[in-house]
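Here's the structure, in C-alpha cells; my notes come after.
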Amino acid sequence: MIRKTILSLLLLLPALLPAAQPVPGAERTDLYFDGLRGRKVGIMCNHTALVGGVHLVDTLLAAGIDVAVVFAPEHGFRGDADAGEHVKSYTDARTGINVISAYGSSRKPAPAEVARVDVMLFDIQDVGLRFYTYLSSMHYVMESCSEAGVPLIVLDRPNPNGMYVDGPVLDPKHRSFIGMHPIPVVHGMTLGELAGMINGEGWLPGGAQCNLTVVPCAGYTRSTRYELPVKPSPNLPNMRSVYLYPSICFFEATPVSLGRGTDFPFQVYGHPDMKDKGYTFSFTPSPREGAREPLLDGRECYGADLRTEPDNGRVIARGVDLSYVIDAYNALARPARFFNNAFERLAGVDYVRQMIENGHTAWEIKARWADDVRDFKQQRKPYLIYED
C-alpha cells in the first residue's frame with residue numbers, strides 16, 4: 157500500500173512542479189562566445205537582452221569580449237523612452253560604450269558604423285506582432301550588415317504570442333516602419349525564424365543576403381506559454397497586456413485611449429464621450445514614464461475594463477479580435493473621423509476599415525483574411541526552427 161502511494165505521488169510530481177521555461181539563445185553562451193573572442197563586436201539590443209538576469213553587454217565584457225558599439229532601437233538601450241520618441245546617441249555611463257541611436261533621424265544603422273566591427277549581434281525580446289517595431293529594427297540591421305559585409309548573429313528568444321497566426325497580411329502599399337513585410341499581424345514566429353525568412357524570401361533591397369547565424373532557444377515550441385522575465389517596453393507591463401496587444405493596438409489610430417498614462421495600458425479602452433453609453437468603468441490618463449503625453453491626458457474616460465475578463469485562454473483563442481474597436485466605434489456613433497491615417501499602417505490593408513464602416517462583424521472581417529493566413533503558414537514552413 158505504501159509503495160503504491162509513493163508511486164502515485166511520483167507520477168503526480170511532474171504536474172505539481174512548475175513548467176520549465178525555455179532557454180533563450182543569449183544564455184547558450186557555449187554556442188557563440190568562442191566566435192566573438194578576439195573580434196570587435198557591435199550589438200543592437202535593449203534592456204531585455206539578459207543572460208541569467210545580467211545584461212548581455214555586461215556579460216560579454218566580463219568574459220573579456222570587445223564590445224565596440226551598441227545600437228539602440230525604439231524605447232532606447234535601457235528601455236525607458238516613450239513609444240515613437242526619438243532616441244539620442246550617447247556614451248553609456250555604466251560601461252563607457254558608445255550607444256548609437258537606431259531610432260532617431262535614421263532607423264537604419266549606418267553601414268559605415270557597422271563596418272567598424274567584425275561581427276554584429278542582435279538580441280531583443282519580441283512579442284510576435286508585425287507592428288512591434290523590433291522586427292523592423294532587425295530588418296535594418298540585416299540590411300546594414302549585408303551592405304557592410306559584416307556577419308550577423310541573432311540570439312533568438314521565445315515568442316510569447318507564438319501559439320497562433322492571425323490577422324490581415326500586409327499589402328506592400330501600406331509598408332512602413334510599423335509593418336515592413338507581407339506577414340499577418342500575429343505571425344507566430346521568433347525573430348530568428350523571421351530573419352531566415354527575410355533572407356530566404358529576398359525581402360532585403362535588391363534581394364540582398366545577410367550573412368546570418370541564429371543561436372536558437374532550447375526547450376521552446378510554438379505551444380509554449382512563455383512568461384517574459386521583464387516588460388519588453390514601457391507600456392506592456394505584464395503578460396495580460398502582451399496577450400491583448402494584438403487586438404488593442406488598433407486604438408492607436410483612433411481617438412480612443414487604450415490606457416496609456418495609467419497603470420494598466422493595453423488592458424482597457426475608453427473615451428469621455430462613452431460616459432452615457434452604458435459603461436461604468438472609468439480611468440483618467442496622466443503623464444508618467446513611458447507615456448509623457450498620453451492621449452486624453454487628464455480627461456476621465458469611460459469604457460471597458462479587460463484586466464481580468466475574458467480570461468487569457470479566451471483572449472489567445474480569439475486571436476486578433478476587432479470587436480473592441482467595433483464596440484467603441486459604435487458607442488461613439490460611428491464618427492467619420494474615428495480612424496486616422498495610421499490605421500491602414502497597423503491593419504496593413506484597406507478592407508478592415510471599410511468593412512467596419514460598412515457594419516460587418518469582427519468574425520466576418522476575420523473570415524476575409526483566413527485564406528491569406530493559411531497561405532502564409534505554408535510559406536513560412538521552410539524557415540521554422542521550432543516545433544508546433
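Counting from 1 along the sequence shown, just add 156 to a position and that's the residue number in the numbering used here.
Backbone N, C-alpha and C fix where the C-beta goes; we use that ideal spot for every residue, glycine too.
Asked, Found
"I need the boundaries of the alpha helix (DSSP H) containing Tyr539, first residue and last residue.", "Premise fails: Tyr539 is in no alpha helix (DSSP H) and is neither H nor E."
"By how many angstroms is the C-alpha of Pro338 removed from the C-alpha of Ala547?", "No answer is possible for residue 547: it lies beyond the span of the chain, which begins at 157 and ends at 544."
"Tell me whether Gly240 sits in a helix, a strand or coil according to DSSP, three-state version.", "Reliability fails at Gly240, whose pLDDT of 49 lies under 50, so the model's placement of it is uncertain and the value that follows must be treated cautiously. Note: Gly240 maps to coil in three-state DSSP."
"Which residues in the same chain have their Cβ closer than 6 Å to the Cβ of Thr377, if we skip the five residues on either side of it in sequence?", "Tyr542 and Glu543"
"Using alpha carbons as the reference points, say which of Leu384, Lys431 and Gly194 lies closest to Pro180.", "Leu384"
"Tell me which residue opens and which closes the alpha helix (DSSP H) that Phe499 is part of.", "Ala498 to Ala503"
"Do Asp312 and Thr346 have their beta-carbon atoms positioned less than 9 Å apart in this structure?", "yes"
"What does DSSP give as the partner residue(s) for Asn254 in the beta ladder?", "Val225 and Thr247"
"Thinking C-beta only, is Tyr320 closer than 9 Å to Ser403?", "no"
"On the DSSP bridge list, what partners appear for Met276?", "Gly198 and Leu308"
"Starting from Val398, trace the alpha helix (DSSP H) both ways and give me its first and last residue.", "Met395 to Ile404"
"For Asp461, which residues does DSSP report across the bridge?", "Val424"
"Near Arg396, which residues of its chain fall below 6 Å by C-beta distance, leaving aside the five closest residues on each side in sequence?", "Gln423"
"On the DSSP bridge assignment, give the partners of Leu368 in chain order.", "Leu308"
"Could you check whether the stretch 406-415 touches the stretch 440-456, counting it as contact only if at least three pairs of C-beta atoms, one from each stretch, sit closer than 8 Å?", "yes"
"Spatial neighbours of Gly469 within its chain, please: C-beta separation below 7 Å, excluding the five flanking residues on both sides.", "none"
"Give me whichever residues DSSP pairs with Ser438 in a beta bridge.", "Tyr458"
"Considering only their Cβ atoms, is the gap separating Pro388 from His293 smaller than 9 Å?", "Checking the sequence shown, residue 293 turns out to be Ser, not His. Going by C-beta atoms, Ser293 is not nearer than 9 Å to Pro388."
"So Phe278 packs on Met200, CB below 8 Å; how close in whole Å?", "5 Å"
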